[in-house]
Structures are given as structure tokens and as C-alpha cells.
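Everything on this sheet refers to the single structure shown next.
There are 2 protein chains.
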Amino acid sequence: MKKNTGGRPRRRRDPDGTRLAILEAAGTLLAKDGPEGLSVSQVAQLAKVNRGTAYQHFQTREQLVEATTVWVSEQLCQSVFGKTAAGKNADGKLTPEEQAKLADPRGGVIEHMTQFAMANPELGRAWMFQVLSSPQPANDPFWKLYRHLFEGFVQTDSAQPGIDVDVHTVLMIIGTFLWPVWARAHTRTAKEREQMAERFTNEIVRLSMYGTMRPEKYPELAARLVKGAPGKPARTAAKKATKKVAKKPAARKGRGAK
Amino acid sequence: MKKNTGGRPRRRRDPDGTRLAILEAAGTLLAKDGPEGLSVSQVAQLAKVNRGTAYQHFQTREQLVEATTVWVSEQLCQSVFGKTAAGKNADGKLTPEEQAKLADPRGGVIEHMTQFAMANPELGRAWMFQVLSSPQPANDPFWKLYRHLFEGFVQTDSAQPGIDVDVHTVLMIIGTFLWPVWARAHTRTAKEREQMAERFTNEIVRLSMYGTMRPEKYPELAARLVKGAPGKPARTAAKKATKKVAKKPAARKGRGAK
DNA sequence: CTGATAATCAACATCGATGTTGAGTCACGG
DNA sequence: CCGTGACTCAACATCGATGTTGATTATCAG
């Protein structure tokens, strides 16, 4: 008993396309409002899809958020690492090519990440929201992959000794994705943004090579570092990370009927 | 015509205390849900205050969020920097003591920040949400203060040449506040958390002193760095930051009556 | 061409959140 | 001792968001 009275023409039937449209819209809004701020209505509106259709693809708001976060993470993995070095070499050793790729500021992972982050600030932001909201940020596939690559580099003799892999993963990943947020606020043209990206990779490389402090100016600090900090060995310390698969359902705030 | 029928006993009259309770509750929830996920109802419930009371202190949800963010930032400034080095020496030059304080890993700003961040992961998280949601992250007082201090350090001869202050500010601030999020997920006892804090400061100091890559392994990279990147001078480049005070009202999603 | 399948959508019932109002209650100054 | 004003709170009206249902229609297999 329902004719298509006015309104926009019925959407062409294309399940996968619709699903993708919904995910993209959800990603955009995720970047704007965070996981708790996301509403199915807004997503549907932005995706130019009836809200009911969204519920056809994702049974509940929670599931939509969930699906969107893994989709975002997949996008990141895909775009930054491609299918190269995805699963193989899981023993922690890098092939020489991978090691070179990681370190090289031209065409290496760092530049790749920065480029992608600058080009897709929304995805990066959405991903950060997700990380901030997750009880186990390090379970994220992108996070794991990056950490794995970097750990491989650390074990080569091109790396300085005593690097803490986890601290570095936090610094690099987060920095790379937050930089575009900062840079957006200080640029107007695409050209400027390109310069910002370069500025970031340059500084990362500079930092990686020389740090920020002149060691000769801090003799006793340097002495303390070589023999390790008082309380701890200060080694790479990849600590097995108390697994504890706490997968709580996390009852939603309370909106909606039955 | 309203008696106190059942319910909890009326709250003792204490405006400032109430206001503070609301702000603290709001801060906690801000850390959990982000600015868009914050609801006045939840805040009131957590603060053990009637929802109407919250509206007495903050006319609207938006204003509550706003007030909470500035409060969080103030807490941060207060706790990390104290009232030392707040406004004076705004010319960018650090006194020798300040410079020493900044750099010293024992009792310096870095350790201070890390300690505070580890002790108050919620505040840090709330602050990060805020930064992520703000169109102008660098306008945050805490951000400005940290940047100012670091810039002072960069201009001393204890610093390596060519440091990009903005990139560093992003890395350090964000890293410091995200580290506790990661660390929380991997620790159980307070002792462990203390070690995590130390691990972070140690790595920051190590990174600052030696970087991650052995320069001798990357001769042509090193050569490129000293004479600057091809496209740009790659100098300190503190770029005057297009002020543009875009203070948009940012119309709320649309809940609520009239 | 035709019936089955499933994607799309409008409408419904329900609920929580917002912001407002007016009544109760405490504290303090005169 | 008694207002006066600030503070606290319950109840109201309204609106948007959720999740469900059943009608409609595009697409495909036979």
C-alpha cells in the first residue's frame, strides 16, 4: 500500500555498493563525533540511504560502529602496507628489502603512512577515536602490523640499541595520525598540505638519526643511559602482554526500544 | 507542593562543591564517551546531583562540555607546570633553570607530564578527545604552554639543530597522554604502572639523546639531512600560524525542545 | 515471461535526552 | 525571628534516535 510518493527516486539495487556507502558515511561521522556520537540516522542521511536499509545491513547501531571500525582499520592496512608483508615473516625477522623499505624516507613506510594520513585525515581521526575508546588499543590489526614491522627493524644492526618498541609504536602511529589534524588547521592549499607532510617525515627522519639533545651536553645522563636506568634493565622488553580476552558486551547507553 | 518523597536526602548546600562535582563527573564521562557522547543525565547521575541542578550551573549541554574542556585543560596546566613559568619569559628565552628543568628526566617536565598522565588517565583521555574534536588544537592553553617551553629549549645550544618544534609538540604531548591508555591495558598492579611510566620517560630520553637509526648506516640520508631536504629548507620553521579565529557556534545535533 | 529472492524504504511504537518550570529547602543578613 | 535569595529537585512537554514491520520493487534463475 505504499507508492513511491514524491521523495527521491528509489536507489538502484546494489547491496555491496550500498554497504560500502554506509561504511564510508559511518567512517566520516565516526571521525567527526567519535563512536559514542555516531547515530544511524545521520549515517543513513549522509549515505543517501533509508535508515531502514542501514538496519538491513547492520542489525544494530553497535554492530554498525563495530563494522565501521574494522573497516577503517582494514583500509589503513591496505593503503599503508598494501598486501606486501601482510602475514609472512611472522617470526619477527625482516627481509632486507622490508627493512630498507621501512627505513627509507622516500617510499618507505613512514612516508607512506604520512601521505595516507594527510590525504585521509578523516580516516585517521576515526581510527584514533577508536583507539582511544578501545580497552585494548594494541589489538588493532594496523597497530599490530606496524609494531611487527618496527620490531623487525629494531632487531637489525641498523637500529640503535635499547629501543623500546611499544613506546615507539605509540609515538609514531599516534603522531602520524594526529599531525594531519594539526596541519589542517594551519593550511589552506593542497600545496601547503604537501609541505606539511614533508615537514613531518623530515622531522621524523631527523629525530630518528640525531634525537633532540646533544649528548655531550648531558654527560651524566648519557652515563646513566648506557648502564640502564636504576630501577629497570631498560631493554627492548617486549613483555608478553597479559592476554586476558575481556570481550564484554558493553551494554549500550540505553536508547531505543526493546 | 513537592515534598521530598523518598529518594536520597537532599544535598547539602554547597554551590562550588556541586559545580566541582559536576565538572569532575563530566570529565570522567568525557574521557569515556567523548564530547559528542556526553549526556547531562549521566553526568548528573555520576555526580549524585539532580539533573536540574546541572542545568542551574550550566545552561546547556553544549556549555557544560565547553566548561568541562577548559576545566580539564586548566587541571593539566596546574598539575604539570604548576604556577611556575606560566606567563613570564614569554619572549621565548628560557632561564637556565627552566631549561634544566625541561631536560632533566628526574623532576623535569617530561617526567612530570608522564607521572600525571599515568596517575590521571581519564583526564588525559578527555583532553585528547577534546584535541581531536577541536578545529584548532593548538589553541589549547596546555598545548601552547608546552610548545612555548620546548621552543625555548630548542633555542639553547643544548639542542640539536634543525628541530621542528610543531612536529615535536604533537609527538610528545600526544604520546604522553596516549601511553597511559596503552599501559593500562597491559598492567594490573600499581607497581607495574609505575614501571610503565619509567619505561616511557626512559625511552623518551634515550630517543632524545640517540634517535633510533645509526647514522653511519645511512650515509646518503645523513648527507641529505644536513643540507636540508630537496623541496624545503627544513629549518625550525615556526611559521606564524594563520590566526583566523574561526569561533563557529557549531549547531548541536538537534536534540531537545525549543 | 514468471515467480522467487532480497534490497529498499515509509511508517510505527517506544524510549531516553533535552531544556523548562515551579515548588520545596537551606543559609544568611537584618 | 523572619524574609530574601540562592540552591536543589521532581515533573512536564517535546523531540530525536532506535529498532521493527510490512509493503514495494529491482534483479535474477528457471
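Top to bottom, those sequences are chains B and C.
Just so we're on the same page, the numbering used here is the position in the first sequence counted from 1, plus 1065.
Just so we're on the same page, the numbering used here is the position in the second sequence counted from 1, plus 1065.
We put the beta carbon where it would ideally sit given N, CA and C, even for glycine.
Count the C-beta pairs between the stretch 1110-1125 of chain C and the stretch 1112-1129 of chain B that are closer than 8 Å, then say yes if the count reaches three, no if not.
By the Cβ rule, the stretch 1110-1125 of chain C does not count as touching the stretch 1112-1129 of chain B, because fewer than three pairs are nearer than 8 Å.
Cβ of B/Y1211 less than 8 Å from any chain C Cβ?
Under the 8 Å criterion on CB atoms, B/Y1211 is classed as non-interfacial with respect to chain C.
With a cut-off of 8 Å, does the C-beta of B/A1287 fall near any C-beta of chain C?
It does; some Cβ of chain C falls within 8 Å.
Excluding five sequence neighbours on each side, which residues of the same chain lie with their C-beta closer than 6 Å to the C-beta of B/F1207?
S1138, L1141 and C1142.
Indicate whether at least one CB of chain C lies closer than 8 Å to the CB of B/D1079.
Judged by the 8 Å Cβ criterion, B/D1079 is not in contact with chain C.
Got a sec? Which residues, its chain only, sit under 7 Å from C/T1241 by beta carbon, not counting five neighbours each side?
Cβ contact annotation for C/T1241 (same chain, cutoff 7 Å, sequence separation greater than five): M1178, T1179 and A1182, in chain order.
Would you verify that the beta carbon of B/M1193 is, or is not, closer than 8 Å to some beta carbon of chain C?
When Cβ-Cβ separations below 8 Å define contact, B/M1193 makes contact with chain C.
For the pair the stretch 1087-1097 of chain C and the stretch 1157-1171 of chain C, tell me if three or more CB-CB distances fall below 8 Å.
Touching, no.
Should B/R1084 be flagged as near chain C, meaning a C-beta pair shorter than 8 Å?
Cβ-Cβ to chain C under 8 Å: no for B/R1084.
Chain-order list of residues whose beta-carbon lies under 8 Å from that of B/M1193 (same chain, five-residue window excluded):
Correct list, in chain order: I1239, F1242 and L1243.
Using a Cβ cut-off of 7 Å, which residues of the stretch 1199-1224 of chain C contact any Cβ in chain B, in chain order?
Answer set for the stretch 1199-1224 of chain C: P1200, Q1201, P1202, A1203, S1223 and A1224.
For B/T1134, which residues of its own chain have a beta-carbon under 7 Å away from its beta-carbon, when the five flanking residues on both sides are left out?
A distance below 7 Å between beta-carbons, with the five flanking residues on each side excluded, links B/T1134 to the following residues of its chain, in chain order: Q1195.
Let me know if C/Q1201 comes out buried or exposed under the rule of 16 or more other beta-carbons within 10 Å of its beta-carbon.
Its Cβ being crowded by 16 or more others within 10 Å, C/Q1201 is buried.
Would you mind telling me which residues of chain B sit closer than 7 Å to C/R1271, beta carbon to beta carbon, in chain order?
Ordered by position in chain B, the residues that pass the 7 Å Cβ test against C/R1271 are G1227 and L1290.
C/E1263: first and last residue of the uninterrupted alpha helix (DSSP H) it sits in
Here the alpha helix (DSSP H) through C/E1263 covers A1255 to Y1275.
Using CA atoms only, rank isn't needed, just tell me which of C/F1265, C/Q1220 and C/A1096 is closest to C/P1161.
When each option's Cα is compared against that of C/P1161, the closest is C/Q1220.
Rounded to the nearest angstrom, what separates B/G1102 and B/W1136 at their Cα positions?
Distance from the CA atom of B/G1102 to the CA atom of B/W1136, rounded to whole angstroms, is 18 Å.
Alpha-carbon to alpha-carbon, B/P1100 and B/Q1121
Their Cα atoms are separated by approximately 20 Å.
Can you name the start and end residues of the alpha helix (DSSP H) that C/Y1120 belongs to?
R1116 to H1122 is the span of the alpha helix (DSSP H), which, as asked, contains C/Y1120.
What number of angstroms, rounded off, separates the C-alpha of C/K1256 from the C-alpha of C/N1185?
A straight line joining the alpha-carbon of C/K1256 with that of C/N1185 spans about 15 Å.
Mind listing which residues of the stretch 1166-1190 of chain C have their C-beta closer than 9 Å to chain B's C-betas, in chain order?
Only A1168, D1169, P1170 and R1190 from the stretch 1166-1190 of chain C bring a Cβ to less than 9 Å from some Cβ of chain B.
Which partner residues does B/M1278 have in the DSSP bridge list?
Per DSSP, C/A1224.
Using a Cβ-Cβ cut-off of 8 Å, state whether C/G1092 counts as contacting chain B.
Cβ-Cβ to chain B under 8 Å: no for C/G1092.
Using three-state DSSP, classify C/Y1283 as helix, strand or coil.
Looking at C/Y1283 - three-state DSSP - the assignment turns out to be coil, as it is neither helix nor strand.
For B/E1281 and C/S1273, I'd like the C-alpha separation in whole angstroms.
Each residue's Cα considered, the two are about 13 Å apart.
Around the C-beta of C/S1106, are 16 or more other C-beta atoms found within 10 angstroms, so that it is buried, or is it exposed?
Exposed is the call here.
C/R1264 CB to nearest chain B CB: under 8 Å?
For C/R1264, a Cβ of chain B is located within less than 8 Å of the residue's own Cβ.
Do C/P1170 and C/T1266 have their beta-carbon atoms positioned less than 8 Å apart in this structure?
Against a cut-off of 8 Å, the Cβ pair of C/P1170 and C/T1266 comes out as a contact.
Which class does B/H1213 belong to by DSSP, given the choice of helix, strand or coil?
In this structure, B/H1213 counts as helix in the three-state DSSP scheme.
Establish whether the CB of B/V1232 and some CB of chain C are separated by less than 8 Å.
At least one chain C Cβ lies under 8 Å of B/V1232.
In this structure, does DSSP put B/Q1201 in helix, strand or coil?
The three-state secondary structure of B/Q1201, taken from DSSP, is coil.
Could you tell me if B/A1288 is buried or exposed, where buried requires 16 or more neighbouring beta carbons within 10 angstroms of its beta carbon?
It counts as exposed.
Roughly how many angstroms separate the alpha carbons of C/I1269 and C/G1082, rounded to a whole number?
Computed Cα separation, rounded: 39 Å.
Along the stretch 1131-1143 of chain B, where does the CB come closer than 8 Å to a CB of chain C? Name the residues.
Within the stretch 1131-1143 of chain B, no residue qualifies.
Contacts that B/A1250 makes with chain C (C-beta to C-beta distance below 8 Å):
When 8 Å is used as the limit between beta carbons, B/A1250 is near these residues of chain C: P1200, Q1201, P1202 and A1203, in chain order.
By the criterion of Cβ-Cβ separation under 8 Å, what are the contact partners of B/R1279 in chain C?
Chain C residues near B/R1279: D1222, S1223, A1224 and Q1225.
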